[in-house]
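Below you'll find the structure, written out as structure tokens, and then a few comments.
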Amino acid sequence: MSQVDFYVLPEGGKREHFACALIQKVWKQGNNIFISTGSETAAMSFDDLLWTFKDISFLPHCLVSDNDAENVPIVIGPGYKMGNQIPDHTPIMLNLADQIPQESGKIERILEIVAGSESERQRARKRYAEYRDQGHVLNKHDI
Numbered sequence: 056m057s058q059v060d061f062y063v064l065p066e067g068g069k070r071e072h073f074a075c076a077l078i079q080k081v082w083k084q085g086n087n088i089f090i091s092t093g094s095e096t097a098a099m100s101f102d103d104l105l106w107t108f109k110d111i112s113f114l115p116h117c118l119v120s121d122n123d124a125e126n127v128p129i130v131i132g133p134g135y136k137m138g139n140q141i142p143d144h145t146p147i148m149l150n151l152a153d154q155i156p157q158e159s160g161k162i163e164r165i166l167e168i169v170a171g172s173e174s175e176r177q178r179a180r181k182r183y184a185e186y187r188d189q190g191h192v193l194n195k196h197d198i
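What follows is the structure in structure tokens.
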């Protein structure tokens with residue numbers, strides 16, 4: 056089973072900005088990461104966000120549908136298409152979807168970010184319970 060880390064942001068915390076900073080940290084530590092989104096549209100929006108995250112930094116990334124996804128350390132795609140599309144050398148996944156990944160396969164560590172409205176927090180609690188019921192090792196980090 057995977058280790059699942061929940062990062063709980065304070066009320067009003069910006070989920071997308073924290074996600075970009077977390078991805079940057081994972082990448083700078085020498086890890087590859089798959090970002091699981093809820094849809095193709097969300098994947099493309101997050102791709103755009105990574106291009107503009109910081110003016111003076113670059114995070115090498117692409118969409119899972121790109122031809123060179125196997126050679127890029129940060130890959131973005133909808134979680135429902137994950138399956139065999141995650142590059143082999145990718146041990147970490149950031150889940151930005153409302154559902155837990157159905158096929159985490161070779162993923163060793165899953166990152167979840169909890170922020171926003173009470174309804175978003177309720178969905179995160181549901182994901183936490185699902186991970187727990189599946190036997191994953193769970194960690195909570197208050198930010």
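Quick note on my numbering: the sequence shown kicks off at 56 and runs consecutively.
Quick reminder that beta carbons are idealized off the backbone N, C-alpha and C, glycines included.
When C-beta atoms of the region 57 to 65 are compared with those of the region 110 to 125, fewer than three pairs fall below 8 Å, so the two segments do not count as touching. At least 7 Å separates the beta-carbon of PRO146 from that of GLU125.
For LYS181 and GLU175, the gap between their C-alpha atoms comes out near 10 Å.
By DSSP's assignment, GLU173 forms no beta bridge with any residue. The beta carbons of VAL130 and PHE89 sit closer together than 7 Å. MET148 sits buried, since 16 or more C-beta atoms from the chains shown fall within 10 Å of its C-beta. Annotated three-state conformation of LYS195 is strand, per DSSP.
Here GLU167 is buried. Its C-beta has 16 or more other C-beta atoms within 10 Å. Minimum Cα-Cα distance from PRO156 among the listed residues GLY171, VAL127, PRO133, LYS80 corresponds to PRO133.
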